[in-house]
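Each residue of the sequence shown is one higher than the last, beginning at 5 in my numbering.
Yeah, the Cβ is synthetic: ideal placement off N, Cα and C, and Gly gets one too.
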Amino acid sequence: MQALVPFDARHPKSRLSDVLDDDERQGFARAMLADVLDALDQAGHSATVLSTAPVECDAPVVVDDRPLTTAVNDALDDRPLPVSIVMADLALVTPDALDSLFETAGDVVLAPGLGGGTNALAVRHHEFQVDYHGTSVHDHRENAKAVDADLGVVDSYRLGIDIDDPMDLIEVLLHNNRRARAWLVDAGFRAEAHDGRATVTRPDGKG
Ligand SMILES: Nc1nc2c(ncn2[C@@H]2O[C@H](COP(=O)(O)OP(=O)(O)OP(=O)(O)O)[C@@H](O)[C@H]2O)c(=O)[nH]1
Ligand SMILES: C[C@H](OP(=O)(O)O)C(=O)O
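(1) With three or more C-beta pairs closer than 8 Å as the rule, is the stretch 77-95 touching the stretch 124-136?
(2) In the DSSP output, what is E196 paired with across the bridge?
(3) Which residue from V53, P71 and E107 puts its Cα closest to that of A1?
(4) Please specify which runs of the alpha helix (DSSP H), each continuous and at least 4 residues long, are wholly inside the stretch 21-91, giving them in chain order.
(5) Report the rounded CA-to-CA distance for Q133 versus A148, giving the unit in angstroms.
(6) If you run the structure through DSSP and keep just helix, strand and coil, what is N180?
(7) I'd like to know whether the C-beta atoms of V53 and V9 end up nearer to each other than 8 Å.
(8) Classify E175 as buried or exposed, calling it buried when 16 or more other Cβ atoms lie within 10 Å of its own Cβ.
(9) Smallest Cα separation from A115: which of G200, R145, A197 and E28?
(10) Which residues in the same chain have their Cβ closer than 8 Å to the Cβ of D62, if we skip the five residues on either side of it in sequence?
(11) If you reduce the DSSP assignment to three classes, tell me which class A7 lands in.
(12) Between the C-alpha atoms of R29 and A153, what's the straight-line distance to the nearest angstrom?
(13) What number of angstroms, rounded off, separates the C-alpha of D166 from the C-alpha of D199?
(14) Under the assumption that D93 contacts M171 (Cβ atoms under 8 Å), give the Cβ distance between them as a whole number of angstroms.
(15) Taking the beta strand (DSSP E) that V113 falls in, what are its first and last residues?
(16) For V127, report the span of its beta strand (DSSP E) as first-last.
(17) Identify every run of the alpha helix (DSSP H) within the stretch 129-186, keeping only runs that are complete inside it and at least 4 residues long; order them along the chain.
(18) Would you call the CB atoms of V204 and L155 closer than 8 Å?
(19) Drop a sphere of 10 angstroms on the beta-carbon of T74, count the other beta-carbons inside from all chains shown, and report buried for 16 or more, exposed for fewer.
(20) Among the residues of its own chain, which have a CB less than 6 Å from the CB of D168, if the five just before and after it don't count?
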């Protein structure tokens, strides 16, 4: 299945600004993007990055600086279905997790994110439209119903965790073994246990 990977190359991961400066957010976002692209490649799927600005990565890049929803809906209209939309901040994703998305039946298959987002989609219905931000998973359920699209949902922690906030970084240190984790370790981040809970520290840096 063809995959679109939306990526904000201009101002990525602003919710991490308390622990990463501008350059660091650019570097970390690109490390997560590379891991997502690797997983898609290993799962045997061709990926195109739908980016707000040119970006160096191991996939073709389409630059579209319009808002996410507009850019994705137009990209869907321009391509034969099925198409998946896999977010570039799914640092825990693996080929097996992606297979669970692609193999789940439905005209529209959702991989919900924590907090109401839509971390990944598989679209097999030509009238379905995306509507990101806010509680997009609810909006996508409604949009599927509005066009009589059968809905599938993937129950996957590796697809369900996107890296938005500083508290999400522990998941990368614990469950990613690729570029995103290496980037955090090189930047001085460490996972530590305190009072039975895993926490992230960065002894020598911001955060
Ligand atoms: N092409 C495109 N991708 C976007 C846009 N906004 C977000 N994305 C990507 O969509 C995915 C999920 O969005 P967010 O979690 O909001 O990512 P983000 O905008 O980098 O993070 P914040 O600045 O903290 O909101 C990420 O992989 C982003 O890179 C956009 O306007 N255009
Ligand atoms: C793009 C957006 O990501 P979030 O802001 O929820 O991380 C969404 O999933 O609707």
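Result, derived from the coordinates:
(1) yes
(2) T203
(3) A query on residue 1 cannot be resolved here, the shown segment of the chain reaching from 5 to 211 and no further.
(4) 26-46 and 72-81
(5) 8 Å
(6) coil
(7) yes
(8) buried
(9) R145
(10) A38, L41, D42 and D45
(11) strand
(12) 37 Å
(13) 25 Å
(14) About 14 Å separates the two Cβ atoms, so there is no contact after all.
(15) V112 to P116
(16) T122 to V127
(17) 140-150, 161-164 and 173-179
(18) no
(19) exposed
(20) R19
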